[in-house]
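Visitor:
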Amino acid sequence: MDGLAPLVEVLARKKPKAWELYLWQELRLQFFWTGTQISRLSARTRAACSLREENSLLAVDGCGREHLARLLGAKPRALPAWSWVGELTLPDPQVLALLLPGLPLQVGLTTSRIAVVRADGAFAASRPVVVDARNQAGETFTWVFGDNPPNLEEAQSGSAAPPGGGFRALLHPQAAAVLCHELFGHPLEADSFFARQSPWTGRMGTRITSVPLHVVDDPTLPLPGGFLRDDEGEAARPKPLVTAGVLTGVLADRSYGASWAAEPGNARRASPHHPPMPRLSNLMAWVEGGEATPPLAEARVEIVRVRSGLFVPAERSLLLAVSESYTLFRGKRKQKLAPFFLKLPLDASGPRILAGGSPSVTVAEPGWCGKNHQFLPVGAAASWLLLERVEAA
């Protein structure tokens, strides 16, 4: 970004106690894919900037000198001239359309870039071009432009009821990714963890799964949640959260890094109008030494797709909204089940994960992640997981 460095001096002089000056620009194309052609194509560019101090956030739409002047309490002509380098661009949607399946979809392409000005320097970064697609069942998928689209078909549900009582369930990678997102991702975001809203509070350095599960959040991967600088200007880096079943890390921003000696680099926000907070990016999960082929013969229910998940602190259990699943007999599919909620209780030693696979497989769901009314794209890769003594809620 041209002329950004001089703003460091201005910020230090005008707002010496500021956490950062944050500038943001986003370009989005969206259209309806009929299954054979593009219709209702529209484009939107947004820009905004914000100034964050210890107990306040002031944001305005736009990133021009007049907008920065309002934040910094200066006259526009007193600020250095600056500009983004080049224009934000997106690929021709017709190129994407060549890869889309023959079913109706709402499709979007989004890219953005940020700049962060702090007392110790100025940092600029671009975000990847992310594709999001929603089918007629409302299921949402994300992937990075240039990758092949995932399976965008609606989940296949039946009418049979799930088994009663406790049973073993084999989760496909997409379902396992949602489980890990809700059970190890959100609860290990520092704001939840240090507020004692997490089932893992007080467990750092202890074993939380009986299997050697690894969970790593890695924003440097070319997946939808990727970035090289977070929304506070911190350098991105992989962060191990669970290592061979032992709790080893949390996702933190600068404030938690200062207060709790947690490594920052995980601050994200939907726009300058929102404060940054610790957030997931791209969550990887696999079991050390696991096989690639899932042991279907050891499970009673095969869970292919999960629409969403929710951890219920009062019950110390995770609920998964299962959208596609089958009963199994000797490893073969027997009945297609109606959608149901799967309940995974947490024992004192942790979740009832009996086994898991390796390596992890990239999946396109959960796709988007919501927290405090901020929705952000996330990436995921997971292996299969075998759960025991789970039940239909």
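Numbering of the sequence shown is given in full-length UniProt numbering, commencing with residue 1 and proceeding in unit increments.
Note that the Cβ used here is the ideal one computed from N, Cα and C, for glycine as well.
Quick caveat, the model's predicted, so the values are computed rather than measured.
1. Can you give me the C-alpha to C-alpha distance between Pro-101 and Thr-110, rounded to a whole angstrom?
2. Counting beta carbon pairs with one atom in the segment 350-366 and one in the segment 257-266, are three or more of them shorter than 8 Å?
3. With a CB to CB cut of under 8 Å and the five nearest residues on each side skipped, what residues in its chain are close to Val-130?
4. Would you report the Cα separation of Ala-190 and Pro-162, rounded to the nearest angstrom?
5. In chain order, what residues of the same chain lie with their CB nearer than 6 Å to the CB of Glu-234, ignoring the 5 residues before and after it?
6. Could you tell me the alpha carbon to alpha carbon distance between Glu-182 and Asp-120, rounded to whole angstroms?
7. Applying the 10 Å Cβ sphere with the 16-neighbour rule, what's the burial state of Pro-359?
8. Using a Cβ-Cβ cutoff of less than 6 Å, which residues in the same chain neighbour Asp-231 once the five nearest sequence positions on both sides are dropped?
9. Going by DSSP, which residues form a beta bridge with Val-322?
10. I'd like to confirm the pairing. Which residues does DSSP put opposite Asn-282 in its beta bridges?
11. Using a 10 Å radius around the Cβ and a threshold of 16 neighbouring Cβ atoms, would you call Leu-178 buried or exposed?
12. I'd like the list of long-range same chain contacts for Thr-34, defined as Cβ closer than 7 Å, with 5 residues on each side in sequence excluded.
13. With which residues is Ile-208 paired in a DSSP beta bridge?
14. With a Cβ-Cβ cutoff of 8 Å, do Leu-88 and Arg-113 count as a contact?
15. Using 8 Å as the Cβ pair cut-off and three pairs as the minimum, do the segment 187-206 and the segment 243-252 touch?
16. If you draw a straight line from the C-alpha of Leu-337 to the C-alpha of Glu-324, how long is it?
17. Is DSSP giving Val-178 helix, strand or coil here?
18. Taking Phe-32 as the reference, which of Asn-135, Gln-335, Ala-155 has the closest Cα?
19. For Leu-88, does the three-state DSSP call read helix, strand or coil?
20. Per the contact definition of three or more C-beta pairs closer than 8 Å, is the segment 80-99 in contact with the segment 203-212?
21. Select from Gly-309, Lys-239, Ala-133, Val-246 the residue whose C-alpha is nearest the C-alpha of Met-284.
22. Mapping DSSP to helix, strand and coil, what is Ser-42?
23. Measure the C-alpha to C-alpha separation of Glu-139 and Ala-12 and round it to an integer number of angstroms.
24. Go through its chain and collect everything with a Cβ distance to residue 479's Cβ below 6 Å, but skip five positions before and after it.
25. Cutting at 7 Å between CB atoms, please list the residues of its own chain near Ala-69, excluding the five before and the five after it.
26. Along the chain, where does the alpha helix (DSSP H) containing Ser-192 start, and where does it finish?
27. Which same chain residues, not among the five before or five after Arg-316, have their C-beta less than 8 Å away from its C-beta?
28. Distance, Cα to Cα, Ser-157 vs Pro-219?
29. With DSSP as the reference, identify every bridge partner of Lys-239, one or two as the case may be.
30. Please say whether His-186 and Trp-384 have beta carbons closer to each other than 8 Å?
31. Going by DSSP, which residues form a beta bridge with Gln-30?
32. Compute the beta-carbon to beta-carbon distance between Phe-329 and Ser-281, rounded to the nearest angstrom, for a pair I have assumed lies under 8 Å.
33. Which residues in the same chain have their Cβ closer than 7 Å to the Cβ of Arg-127, if we skip the five residues on either side of it in sequence?
34. One question on the structure: do Leu-4 and Ala-125 come within less than 8 Å of each other, judged by their Cβ atoms?
35. So Val-8 is in the alpha helix (DSSP H); what residue range does that whole segment cover?
36. How long is the line joining the alpha carbons of Ser-308 and Ala-382, rounded to whole angstroms?
Guide: So, from the data block:
1. 20 Å
2. no
3. Leu-109, Thr-110, Thr-111, Thr-142, Trp-143, Val-144, Phe-145, Pro-224, Pro-377
4. 36 Å
5. Pro-264, Gly-265
6. 35 Å
7. exposed
8. Ala-267, Arg-268, Arg-269, Pro-276
9. Val-306, Phe-340
10. Gly-379
11. What sits at residue 178 in the sequence shown is Val, not Leu. Buried, by the Cβ-count rule.
12. Pro-104
13. Paired residues: none, contrary to the question.
14. yes
15. yes
16. 7 Å
17. helix
18. Asn-135
19. coil
20. no
21. Lys-239
22. strand
23. 46 Å
24. Not covered by the structure: residue 479. The range shown for the chain is 1 to 393.
25. Lys-75, Pro-76, Leu-79
26. 190-194
27. Pro-199, Pro-345, Leu-346
28. 34 Å
29. Asp-217
30. no
31. Ser-42, Gly-108
32. Not really, about 40 Å apart at Cβ, beyond 8 Å.
33. Thr-111, Ser-112, Arg-113, Phe-227
34. no
35. 6-14
36. 16 Å
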